[in-house]
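Notes to accompany the following structure.
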Amino acid sequence: MTSETTVPSGDTPRLQMLGISKSFGGVTALRDVDFTLRAGEIHGLVGENGAGKSTMMKIIAGVHTGYEGKMLIDGQEVHFRSARDALAAGIGMVHQELSIMPDLSVGENVFLGKQPLTAAGTVDWRGMMSAAHEQLKSLGIDVDPKTRMGDLPIGLQQLIELARVIFSGARIIILDEPTSALSPPEVQVLFDVLKGVRASGRSIVFISHFLDDILSISDTVTVFRNGRLVVTHGVEGIDKGWLIEKMIGTGHQDLEESYTGNIALASRPDAPVVLAAEGLSYGRAYSDVSFDVRAGEILGIYGFMGCGQIELARTLFGKLKADRGTLSIGGRMRRLRNTTQAREAGIAFVPENRRSMLFYEQPVYKNVSISILGRISRLWLKPKIERSIARKHVESLHIRPPRAEVQLGALSGGNQQKVALAKWLTHRPKVLVLSEPTRGMDVGAKDDVVKIVRQLRDEGLAVIVVSAEPETVLSLADRVLVMKKGRIVREFANETISKDRLLEAA
Amino acid sequence: MTVQQSSSAHGASRSGNFLRNQMRNIAPFATLILLMIFFSIASPSFATIDNASNILTQISVTGIMAVGLTFVILCGEIDLSVASIANATGIVVAFFTLQEAYVNIANVPLPGWLAIVFALAACVALGLVNAVGTTVIGIPSFIMTLAMMQIGAGICALLVRGQIAYNVPDLVMTLGSGRVFGFPAIALVLIAFLIVGHLTLSYTRFGRYIYMVGGNREAAEYSGVNVKLVLGAALVICAVCSGIAGMLGVAHFGSAQQNEFDGYLLDAIAAVVVGGTSLFGGRGGIGNTIVGLCVLGVLNNGLDHIQIDSFLKILIRGLILLAALIVNVYVQNIRTVERAEGA
Chain A
1 MTSETTVPSG DTPRLQMLGI SKSFGGVTAL RDVDFTLRAG EIHGLVGENG AGKSTMMKII
61 AGVHTGYEGK MLIDGQEVHF RSARDALAAG IGMVHQELSI MPDLSVGENV FLGKQPLTAA
121 GTVDWRGMMS AAHEQLKSLG IDVDPKTRMG DLPIGLQQLI ELARVIFSGA RIIILDEPTS
181 ALSPPEVQVL FDVLKGVRAS GRSIVFISHF LDDILSISDT VTVFRNGRLV VTHGVEGIDK
241 GWLIEKMIGT GHQDLEESYT GNIALASRPD APVVLAAEGL SYGRAYSDVS FDVRAGEILG
301 IYGFMGCGQI ELARTLFGKL KADRGTLSIG GRMRRLRNTT QAREAGIAFV PENRRSMLFY
361 EQPVYKNVSI SILGRISRLW LKPKIERSIA RKHVESLHIR PPRAEVQLGA LSGGNQQKVA
421 LAKWLTHRPK VLVLSEPTRG MDVGAKDDVV KIVRQLRDEG LAVIVVSAEP ETVLSLADRV
481 LVMKKGRIVR EFANETISKD RLLEAA
Chain B
507 MTVQQSSSAH GASRSGNFLR NQMRNIAPFA TLILLMIFFS IASPSFATID NASNILTQIS
567 VTGIMAVGLT FVILCGEIDL SVASIANATG IVVAFFTLQE AYVNIANVPL PGWLAIVFAL
627 AACVALGLVN AVGTTVIGIP SFIMTLAMMQ IGAGICALLV RGQIAYNVPD LVMTLGSGRV
687 FGFPAIALVL IAFLIVGHLT LSYTRFGRYI YMVGGNREAA EYSGVNVKLV LGAALVICAV
747 CSGIAGMLGV AHFGSAQQNE FDGYLLDAIA AVVVGGTSLF GGRGGIGNTI VGLCVLGVLN
807 NGLDHIQIDS FLKILIRGLI LLAALIVNVY VQNIRTVERA EGA
């Protein structure tokens with residue numbers, strides 16, 4: 001116990017990163033970063049997706065082992081060769097996706113992999129349960145350790161994983177998006193626990209997109225942008241607006257890639273409503289979501305990862321069944337029991353992961369025709385028609401290489417995305433739902449997709465774009481809904497919008 | 507420029523890929539040729555027209571089952587109840603046929619066509635139970651059809667109660683053990699099933715759905731394909747093929763009794779898998795099943811023509827099956843690795 005409470009002498013920081021750089025195959029992820037974490041502090045870490053936060057944390061946690069620069073713990077230089085090394089040095093991480101065992105008890109989860117044994121070599125159940133109970137209590141968590149983990153609410157599961165990391169001897173604890181799945185009271189409980197952890201002299205890195213949470217719990221905040229550490233600042237005297245400004249930058253260079261400029265939204269209130277959702281709810285993912293989409297408009301739905309927007313998109317295509325609420329398409333109430341019914345009702349969907357809608361071992365033309373086979377043929381296939389339809393799309397969407405017989409897996413990501421879109425273009429749906437349509441694409445391919453979607457909009461299609469990337473929403477949408485923790489919290493319509501206002505709302 | 511480069515890089519590796527892609531088809535065919543050469547040299551009685559006709563007859567019952575099973579395995583599922591459904595259907599058709607006085611079964615004699623209709627209804631019903639259990643309830647097909655295997659055995663046991671029935675309707679008798687222009691009728695039935703199976707899989711919309719569902723089930727669903735309907739249909743088709751194989755088998759063997767088809771489950775699965783149809787779904791087809799059937803038929807028949815310990819035969823069959831599984835999984839792994847690298 002005494003070793004845990006030793007506070008480093010003088011001002012030696014708990015963790016110091018000096019001149020850290022890291023690149024992946026020529027793409028620089030981190031550039032000359034100096035980062036300091038003091039003992040007994042909660043250090044907030046913010047930045048956009050791809051700003052370098054995760055890379056940085058993975059270096060600290062021993063996941064990325066090849067990098068330039070120096071890392072010091074309590075003034076001693078270290079270089080981890082594996083995540084195990086980092087763990088042994090007292091670095092623990094709680095991921096957004098919890099790594100708990102839902103079918104084991106709370107006690108077993110706390111002692112996972114190091115259960116206390118009796119003299120006979122069997123698991124000392126009684127000792128384990130009472131020890132777990134006391135340790136959890138010391139953190140202010142009052143749970144019966146015999147409870148099955150999966151029966152607890154997410155907030156508690158997370159606290160127990162945090163407890164496990166702490167009891168495994170971690171002195172530096174990295175929390176990745178810990179509040180994204182929590183309700184406000186649960187967030188408060190988490191913060192109380194974190195304050196207790198801080199009081200014991202441990203250091204916490206708190207990564208989050210939720211700037212309000214960052215500001216209310218952190219002692220110090222560090223902002224990353226484009227692989228650089230922009231600023232480290234005490235939390236006193238800074239606010240959300242200041243953070244957003246630092247995150248997206250105001251310099252000339254950044255302006256081009258990040259839409260700080262104002263974008264005027266022009267919605268079409270006179271066009272007929274094509275799809276109307278009323279009070280849709282689905283499990284913990286989202287609740288009481290109502291909105292409508294009109295012909296010839298692109299509705300953007302923006303929210304951080306895990307805000308329920310992905311599940312909402314799947315519900316619209318009948319992949320998930322809403323617990324409550326109604327959906328009407330073209331003025332008719334619809335209960336979508338599966339994706340076939342959604343397709344027949346006139347909805348088309350391109351999921352965020354191309355792999356989950358394309359057949360990599362099949363030629364392009366079979367990929368294009370699969371969603372319209374029923375219209376081409378009743379019983380016998382008509383490959384000639386399939387090919388000619390595919391060739392038309394390959395040509396008009398500039399898919400490379402320009403042949404419909406090429407195996408899909410041989411295409412580049414951007415071209416694959418075009419094929420995914422092409423599936424829905426032969427017989428026009430009423431509503432096109434796109435989830436993260438430009439994720440992971442290079443600039444040229446992104447522009448192509450944006451052009452195609454806009455053209456479809458101009459031809460009268462109602463388009464819903466769901467994304468966690470502000471740029472995607474801003475570059476496409478005519479109207480924007482912002483989702484936060486499963487609810488729609490803000491609508492932008494008939495006004496100017498900018499990235500900072502979007503982030504402010506989320 | 508970058509697009510150009512990547513496409514030419516793919517072009518360079520394409521010829522190498524072609525061989526590896528075709529490994530699934532080449533390996534079983536090479537095995538077949540080698541076995542035929544080996545047995546032709548080892549035994550003078552092997553390579554004769556008569557024996558070829560023998561082999562064809564011997565693989566007929568397995569073959570009809572294997573056609574149905576090909577549908578299911580292409581979907582990435584499995585049906586362990588094929589032999590059991592075959593047995594049950596064979597017994598049902600005998601149960602509704604007038605038996606000789608010395609057959610001590612409390613059966614219900616009906617006109618031949620009605621007996622056949624009842625038997626077909628029975629296998630459709632069993633297939634529907636498989637389909638509902640797998641798709642609506644969500645039981646993994648491996649477990650669902652394992653239960654069906656027992657249910658089928660139970661139906662057999664209840665109907666014949668340890669006795670043996672001999673008579674089946676005339677139509678079944680003709681197709682199962684008769685000859686058409688000197689050619690075994692059951693082999694013609696097999697050929698008909700193979701042709702219809704191939705046409706369905708390769709040239710119909712339903713066949714395309716089977717391959718797409720097997721290739722990437724999630725993608726099929728996101729393309730609006732009714733995945734559950736396709737899977738269910740495959741299981742029912744498989745049960746019907748099994749049922750018909752069972753009826754003809756009973757006629758072919760000349761009797762209907764319990765546990766009559768016990769060896770056929772393994773043979774049918776082996777025929778499909780040895781032929782190179784992917785156990786993970788989406789790749790293969792009736793062509794592969796034909797080669798697999800021939801490998802199995804030649805092996806079983808050939809081992810009878812050479813002097814060999816009959817107990818060793820079982821082991822050899824097992825080893826050949828193992829080799830086929832290794833090739834099957836190995837080829838799949840190559841593809842998975844390639845796909846991961848392509849990411």
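Chains as they are written, first to last, in the numbering used here: chain A, 1 to 506; chain B, 507 to 849. Ideal Cβ positions, reconstructed from N, Cα and C, are used throughout, including at glycine.
| Query | Result |
| --- | --- |
| Cβ atoms of B:Val609 and B:Ala504: under 8 Å apart, would you say? | The shown model of chain B, from 507 to 849, leaves out residue 504 of chain B, and the question about it has no answer. |
| Do A:Ile166 and A:Ser203 have their CB atoms nearer than 8 Å? | no |
| What do you reckon, are the CB atoms on A:Val274 and A:Ala462 nearer than 8 Å? | yes |
| Start and end of the alpha helix (DSSP H) containing A:Ser396? | Pro383 to Ser396 |
| Hey, is B:Asn732's beta-carbon within less than 8 Å of any beta-carbon in chain A? | yes |
| Going by beta-carbon coordinates alone, are A:Ser287 and A:Gly486 separated by less than 8 Å? | yes |
| I want to see whether chain A comes within less than 8 Å of B:Gly790, judged by CB atoms only; does it? | no |
| To the nearest angstrom, report how far apart A:Arg148 and B:Ile645 are at their CA atoms. | 25 Å |
| Could you name the residues of the same chain whose beta carbon sits closer than 8 Å to that of A:Lys58, not counting the 5 residues immediately before and after it, in chain order? | His64 |
| Check this for me: beta carbons of A:Leu265 and A:Glu495, under 8 Å apart or not? | yes |
| If I measure Cβ to Cβ from A:Thr55 and keep anything under 7 Å in the same chain, skipping five residues before and after, which residues do I get? | Lys22, Ala29, Leu30 and His64 |
| How many angstroms separate the CA atom of B:Leu735 from the CA atom of B:Ala572? | 21 Å |
| Counting C-beta neighbours from all protein chains within 10 Å, is the total for B:Asn839 16 or more, i.e. buried, or is it exposed? | exposed |
| Helix, strand or coil, according to DSSP, for B:Tyr770 in the structure here? | helix |
| Could you give the distance in angstroms between the alpha-carbon of B:Ile814 and the alpha-carbon of B:Gly760? | 28 Å |
| Using beta-carbon positions only, say whether A:Leu280 and A:Thr315 come within less than 8 Å of one another. | yes |
| Looking at B:Gly755: is its Cβ nearer than 8 Å to the Cβ of B:Gly682? | yes |
| From the DSSP output, in three-state form, read off A:Ala276 for me. | strand |
| Inspect the beta-carbon positions of A:Ser371 and B:Gly730 and report whether they are closer than 8 Å. | yes |
| Alpha carbon to alpha carbon, what distance is there between A:Gly237 and A:Leu15? | 25 Å |
| Alpha carbon to alpha carbon, what distance is there between A:Arg378 and B:Gly781? | 30 Å |
| Spell out the partners DSSP gives A:Ile172 in its beta bridges. | A:Ile91 and A:Ser203 |
| Report the neighbours of B:Met718 on chain A: residues whose CB is nearer than 7 Å to its CB, in chain order. | Phe359 and Ile370 |
| Considering only C-alpha positions, which residue in the set A:Gln158, A:Val235 and A:Ile301 is nearest to A:His43? | A:Val235 |
| Alpha carbon to alpha carbon, how far is A:Ile20 from A:Arg38? | 18 Å |
| How many Å lie between A:Lys366 and A:Glu386 at the Cα? | 7 Å |
| Going by the beta-carbon positions, is the gap between A:Val473 and A:Tyr302 smaller than 8 Å? | yes |
| Note down, in chain order, each residue of its chain lying with its Cβ closer than 6 Å to the Cβ of A:Glu256, except the 5 sequence neighbours on either side. | Confidence in A:Glu256 is poor, its pLDDT being 43 and thus under 50, which makes the residue's placement too unreliable to answer from. |
| If you draw a straight line from the C-alpha of A:Thr103 to the C-alpha of A:Lys146, how long is it? | Note that residue 103 of chain A is Asp in the sequence shown, not Thr. Roughly 11 Å separates the two Cα atoms. |
| Spell out whether any CB of chain B is found under 8 Å from the CB atom of A:Lys485. | no |
| Which chain A residues are close to B:Ser729, counting only those with a beta carbon under 7 Å from its beta carbon? | Met357, Ile370, Ser371 and Lys423 |
| Taking the beta carbon of B:Val686 as the centre, do at least 16 other beta carbons fall within 10 Å, making it buried, or is it exposed? | exposed |
| So, is the C-beta of B:Tyr709 closer than 8 Å to a C-beta in chain A? | yes |
| So, helix, strand or coil for A:Glu257, using DSSP? | Low confidence applies to A:Glu257: its pLDDT is 44, below 50, so where it sits in the model is not reliable enough to give any reading. |
| Smallest Cα separation from A:Lys384: which of B:Ile775, B:Tyr709 and B:Leu825? | B:Tyr709 |
| With 8 Å as the C-beta to C-beta threshold (strictly closer), list the residues of the stretch 291 to 319 of chain A near chain B in chain order. | Phe317 and Lys319 |
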